[in-house]
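Undergrad: The sequence shown begins at 3 in the working numbering and counts up by one.
Idealized CB from N, CA, C, for every residue including glycine.
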Amino acid sequence: MHAPLTADTAREPGQPAGGQALRVMTVLSPRERFAPGECGAIGLLVRRLATPGEVVVGTAPQGVSFADVAFRPVPPVFSWRGGRVRYRKGVARLVRELRPDLVEVHNRPDLALALRRRFPALPVVLVLHNDPCTMRRARKPAEREHLARAVAVVAVSEWVRQRFVSQGVGGCVSILPNSLDLEALPEALPAAERENLVLFAGRVVADKGADAFVAACATLLPRYPEWRAQILGADDFGEHTRETPFLRGLRPQAQAAGVALEGYRPHDAVLKAMSRAAIVVAPSRWGEPFGMVALEAMGCGAALLVSPNGNLPELAGQAALYADPDSLPELVSALESLMDDVGLRARLGQAGQERAARFDCRTMRAIRAELHAEVVRAWPGKGLFNA
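#1: Could you have a look at Pro168 and say whether DSSP puts it in helix, strand or coil?
#2: Gly351 by DSSP, collapsed to three states: which one?
#3: Taking only three categories from DSSP, how would you classify Ala193?
#4: Taking DSSP's pairing of strands, which residues face Arg74 in a bridge?
#5: For Ala262 versus Val282, is the C-beta distance shorter than 7 Å?
#6: Out of Val126, Val167, Gln64, point me to the one whose CA is closest to Glu145's CA.
#7: How is Phe202 classed by DSSP in three states: helix, strand or coil?
#8: What did DSSP end up calling Thr136 once you bin it into helix, strand or coil?
#9: Between the Cα of Pro192 and those of Gly301, Leu47, Asp237, spot the shortest distance and give me the residue it belongs to.
#10: Could you tell me the distance, in whole angstroms, from the CA atom of Arg230 to the CA atom of Gly345?
#11: Just to confirm, is the Cβ distance from Ala304 to Met276 under 7 Å?
#12: With C-beta atoms as the reference, is Phe68 less than 7 Å away from Arg49?
#13: Using DSSP with H/G/I as helix, E/B as strand and the rest coil, what is Arg278?
#14: Asp213: buried (16+ other C-beta within 10 angstroms of its C-beta) or exposed?
#15: Nearest by alpha-carbon distance to Pro122: which of Ala62, Ala280, Arg98, Asp133 is it?
#16: Got a sec? Which residues, its chain only, sit under 6 Å from Trp288 by beta carbon, not counting five neighbours each side?
#17: On the DSSP bridge list, what partners appear for Met416?
#18: Spatial neighbours of Leu47 within its chain, please: CB distance less than 6 Å, with the 5 preceding and 5 following residues excluded, ordered by chain position.
#19: For Asp362, which of helix, strand or coil comes out of DSSP?
#20: Kindly indicate the opening and closing residues of the beta strand (DSSP E) around Gly265.
#21: May I ask you to report which of helix, strand or coil DSSP gives Ala9?
#22: Starting from His148, follow its DSSP beta bridges and name the residues at the other end.
#23: For Pro75 versus Ala37, is the C-beta spacing smaller than 7 Å?
#24: Could you give the first and the last residue of the continuous beta strand (DSSP E) run that contains Arg175?
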């Protein structure tokens, strides 16, 4: 465990020390684990954007937390009302101990509102990574209207912002896209030197279109014996994931199609695979709130094939081909056009790298810091967040 911040006992939470950088406390959701081999996409993003003096808090990991970012486990606090309230009380205890200038809560509107009530002077930022209309205390328009007045709401994409303000909801919702550490990406091979590998990476669930990927490969791999296909991922993040009914049903289909189900792989290994694979496919059925797999594939220079759902068209633009995952002929046709044409793969790979450069974490870190500073400046009057 990392040492805690040195608390200034003369300050209350939400009262910045003059002339110093903001002391930020970032709160992960209870399911996130902030450690190598246990971390999901949100935790990796939080690590990427962390600033000096920032402390990440969350559920204690099984292993050792990341060494380059201060981490504090949320302490166990008794409550007969269940785990959600226990977690909320533990976070509040850390707020009192650490006295941050600002708290950034990820994906938990109910927790952000609870901190707002308990610490009225403490600026609270809520970062939404998924559809807010499916979240506790944000499902109804009136709830989102109240949320926008109570805390500073930040969406990771325009698609998420539009979902928040749907049904006539008013309120200021900022956008801070997800990011990549471009300097940490493995060297991307030119299209002509890449393996004849079609890659699916991410959660192996129906929403992500893993079965559609297998079905397309079952059609194409017999025609292209020099190609192979691979799925990196499991039902969830981390090495100890469940063997779900969906996975059990997919295994024989993948085996018959010649698709290798490799299971969970560490994030670095996934990026290395993307840097050498000719094609990465992200055939999501659901509305992707952002599309981190697609961004990583673009950053690694792979030719990208995605569905037109959610934020994927906004993210990938002209740097990808598009196909409906529930139309097998459409998916097969798009994938075959990539397998047939190394020039097309090269053009998409180059366009993807150029597009991914807009999302470098150094740029996003500076934007985030300015957003935090603006929230702290505006907090006493709250005018910035009113509809």
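TA: A quick look at the data gives this:
#1: Against the sequence shown, residue 168 aligns to sequence position 166. Reading off the sequence, residue 168 comes out as Ser, not Pro. Three-state result, Ser168: helix.
#2: Translated into positions along the sequence shown, residue 351 becomes position 349. Three-state result, Gly351: helix.
#3: Within the sequence shown, the letter at position 191 stands for residue 193. Taken through DSSP and simplified to helix, strand or coil, Ala193 comes out as helix.
#4: Reading the sequence shown from its first residue, position 72 is the one you call residue 74. As DSSP reads the structure, Arg74 sits in a beta bridge with Val59.
#5: Taking the first residue of the sequence shown as 1, we reach residue 262 at position 260. Taking the first residue of the sequence shown as 1, we reach residue 282 at position 280. Not closer than 7 Å, so no.
#6: Counting from 1 along the sequence shown, the entry for residue 145 is found at position 143. Nearest option by C-alpha distance: Val167.
#7: In the sequence shown, the residue the question calls residue 202 occupies position 200. Correct three-state label for Phe202: strand.
#8: As a first step, residue 136 must be located in the sequence shown, where it is residue number 134. Here Thr136 sits in helix by DSSP.
#9: For this step, residue 192 is matched to residue 190 along the sequence shown. Ranked by how close their Cα comes to the Cα of Pro192, the residues Gly301, Leu47, Asp237 have Gly301 in first place.
#10: Within the sequence shown, numbered from 1, the residue matching residue 230 stands at position 228. Within the sequence shown, numbered from 1, the residue matching residue 345 stands at position 343. Cα-Cα distance, rounded: 19 Å.
#11: Sequence index remark: in the sequence shown, residue 304 carries index 302 (1-based). Sequence index remark: in the sequence shown, residue 276 carries index 274 (1-based). Closer than 7 Å, so yes.
#12: Taking the first residue of the sequence shown as 1, we reach residue 68 at position 66. Taking the first residue of the sequence shown as 1, we reach residue 49 at position 47. It is a contact, given that the beta carbons lie within the stated cut-off.
#13: As a first step, residue 278 must be located in the sequence shown, where it is residue number 276. Arg278: helix per DSSP, three-state reduction.
#14: Within the sequence shown, numbered from 1, the residue matching residue 213 stands at position 211. With a threshold of 16 other beta carbon atoms within 10 Å, Asp213 meets it and is buried.
#15: Against the sequence shown, residue 122 aligns to sequence position 120. The closest CA to that of Pro122, considering only Ala62, Ala280, Arg98, Asp133, is found on Arg98.
#16: As a position in the sequence shown, residue 288 is number 286, starting the count at 1. Excluding sequence positions up to five before and after Trp288, its CB lies within less than 6 Å of the CB of Asp209, all in the same chain and listed in chain order.
#17: Because the chain here runs from 3 to 389, residue 416 falls outside it and cannot be looked at.
#18: Here residue 47 is taken as the residue at index 45 of the sequence shown, counted from 1. Only residues of its own chain outside the window of five on either side were considered, and among them Asn180 have a CB closer than 6 Å to the CB of Leu47, listed in chain order.
#19: Working through the sequence shown from its first residue, we reach residue 362 at position 360. Reduced to three states, the DSSP call for Asp362 is strand.
#20: Taking the sequence shown and counting its residues from 1, the one referred to as residue 265 is at position 263. Here the beta strand (DSSP E) through Gly265 covers 261–265.
#21: Looking up residue 9 in the sequence shown gives position 7. With a pLDDT of only 33 at Ala9, under 50, the local geometry of the prediction cannot be trusted, and the value read off the model is given with reservation. It is coil, neither helix nor strand.
#22: Counting from 1 along the sequence shown, the entry for residue 148 is found at position 146. His148 is not bridged to any residue.
#23: As a working note, residue 75 is residue 73 in the sequence shown. As a working note, residue 37 is residue 35 in the sequence shown. At a Cβ-Cβ threshold of 7 Å, Pro75 and Ala37 do not count as neighbours.
#24: Sequence index remark: in the sequence shown, residue 175 carries index 173 (1-based). For the record, residue 175 in the displayed sequence is Val; it is not Arg. DSSP places Val175 in the uninterrupted beta strand (DSSP E) bounded by 175–177.
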